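In my numbering, the protein residues as written are 340 to 482.
Have a look at the structure below, then the notes.
Structure representation (structure tokens):
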């Protein structure tokens with residue numbers, strides 16, 4: 340028999356049961372990290388227990404949408420559930436991407452329950468040198 344000692348965890352579990360699992364019309368949030376690594380932005384989503392075919396990634400203009408569904412595991416008829424704390428249902432996250440990111444070349448990898456998106460910075464957003472014509476000569480300004 341399993342023992343629970345944290346009263347707040349029990350309240351969270353009851354609230355989750357009352358609100359029900361996330362649905363496609365009302366998904367639950369998913370945790371994520373976002374950071375810049377060199378010339379690309381990296382966004383990592385925690386999706387443990389989700390299969391790769393249950394993940395949907397869309398980009399429309401500069402809006403990135405990630406949806407995933409954690410389905411219940413198949414159980415035999417003689418199994419009696421004693422404790423169920425792992426949330427099931429639909430999870431979603433929307434991110435507004437800056438115009439300086441190249442949404443045409445997003446790379447997605449899924450490993451060990453973590454979905455990692457790598458979004459390159461657009462060439463037009465990278466620093467570049469501009470030459471200035473003065474009379475007969477040109478002078479370069481770096482910026």
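Glycine residues also receive a C-beta, built at the ideal position from the N, C-alpha and C atoms.
What you are looking at is a predicted structure, and each value in this text was computed from that prediction instead of being measured.
query	result
Beta-carbon proximity of residue 436 to residue 407, cut-off 7 angstroms	no
Extent of the continuous beta strand (DSSP E) run through residue 395	394-399
Assigned secondary structure, residue 409 (DSSP; H/G/I helix, E/B strand, else coil)	strand
Alpha-carbon spacing of residue 425 relative to residue 405, whole angstroms	20 angstroms
Cβ-based neighbour list, residue 341, same chain, cut-off 8 angstroms, excluding 5 preceding and 5 following	Confidence is the limiting factor: at residue 341 the pLDDT is only 41, short of 50, which leaves the residue's position unreliable and the question unanswerable from this model.
Residue 423, enclosing beta strand (DSSP E) - first and last residue	Where residue 423 is concerned, there is no enclosing beta strand (DSSP E), given that its DSSP letter is neither H nor E.
Proximity to residue 401 [Cα-Cα], best of 453, 466, 433, 456	433
Three-way DSSP call (helix, strand, coil) for residue 467 in this model	coil
Proximity test, residue 437 beta-carbon vs the ligand FAD heavy atom, cut-off 6 angstroms	Looking for the ligand FAD in the displayed structure turns up nothing, as the structure carries no ligands at all.
Beta-carbon proximity check, residue 456 vs residue 389, cutoff 7 angstroms	no
Buried versus exposed, by CB contacts within 10 Å (16 or more), residue 469	exposed
Which listed residue (376, 378, 409, 397) has its alpha carbon closest to that of residue 452	409
Inter-residue Cα distance where the pair is residue 411 and residue 375	35 angstroms
7 angstroms Cβ cutoff met for residue 471 and residue 458	no
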